[in-house]
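Structure first, commentary second.
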Amino acid sequence: MLVSVHQPQFFPWLGYFDKINKADIFVILDNVQYKKNEWQNRNKIKTQNGSQWLTVPVNYKFPQKMNEVTLDKKSKWQNKHLNGIKTNYSKTPYFADYFEVVEKIYSESSNSIAEFNTFLVKEICGILGIQTPIHIASELGEFTESPDERLIEICQHFGSKKYLAGSGGKGYMNLEKFSNSEIEVIFQSYTHPTYPQLFGDFLNGVCILDLIFNCGKESLKILSETK
């Protein structure tokens, strides 16, 4: 059994969903410290002028965890995001097929950024056809705060001897701890695919919506391609 763990991100990039798809169990790590100005409350879409940020305004006080950081209910950011998505993707081949799901995501009455991101990740998995069971870390019980030990304990919770890590984990994970716990660490090796896009030259690293609106039912096949 292969377990993977990641913080809930806002409309993540393709590699995030490849990681979910490759795992037998995926755990959303909602109870870790929120990181300001990273991928937890923002991501990029492609426009005729290059990439553009979509940012979710939040109410954050250090050192709150992701499931403690609430969404800003005062501003009308949902409408702003939807208008930006509609403006830049309405002419894509599959916009009409999936925009209703995007509207559903933005109408979700979540309280925290973790809850909102978890909901959208599950909805996008539904569009892609990813069937990996998704669990929420805070609902599994108490785990050690130390990053490596926490991951080991999550694997042990599911009786797993294999952990799927992102490629960046090579720079900070203590692999000896995993080995001592008889857990094999497998690092994701992901090559970003190219696919048809609007607005000129291909731009990689934008959010998953770009692939879905442009490629529809072929999206999972495309994002899972390995070179």
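Mind the numbering: the sequence shown is residues 1210 to 1436 in the numbering used here, read in order. Here a beta-carbon is modelled for each residue, glycine too, at the ideal position from N, C-alpha and C.
In this structure, the alpha-carbon of Q1218 lies about 9 Å from that of F1325. Per DSSP, the beta bridge partners of T1279 are N1268 and S1321.
A direct Cα-Cα distance of roughly 15 Å separates D1239 from E1247. Here DSSP, grouped into helix, strand and coil, assigns W1286 to helix. In this structure W1222 is buried. Its beta-carbon is surrounded by 16 or more other beta-carbon atoms within 10 angstroms. Judged by DSSP in its simplified three-state form, L1384 adopts helix. Taken in chain order, the whole beta strand (DSSP E) runs of length 3 or more contained in the stretch 1308-1362 are 1343-1345. Closest in C-alpha terms to S1318, from the list N1297, H1344 and Q1287, comes Q1287. Beta-bridge partners of L1263 (DSSP): N1252. Contact between C1416 and N1252 holds, with the beta-carbon distance rounding to 4 Å and staying under 8 Å. For K1245, the three-state secondary structure derived from DSSP is coil. Going by DSSP, F1422 is part of the alpha helix (DSSP H) stretching over I1417 to C1424.
The alpha-carbon separation between K1430 and Y1225 amounts to approximately 14 Å.
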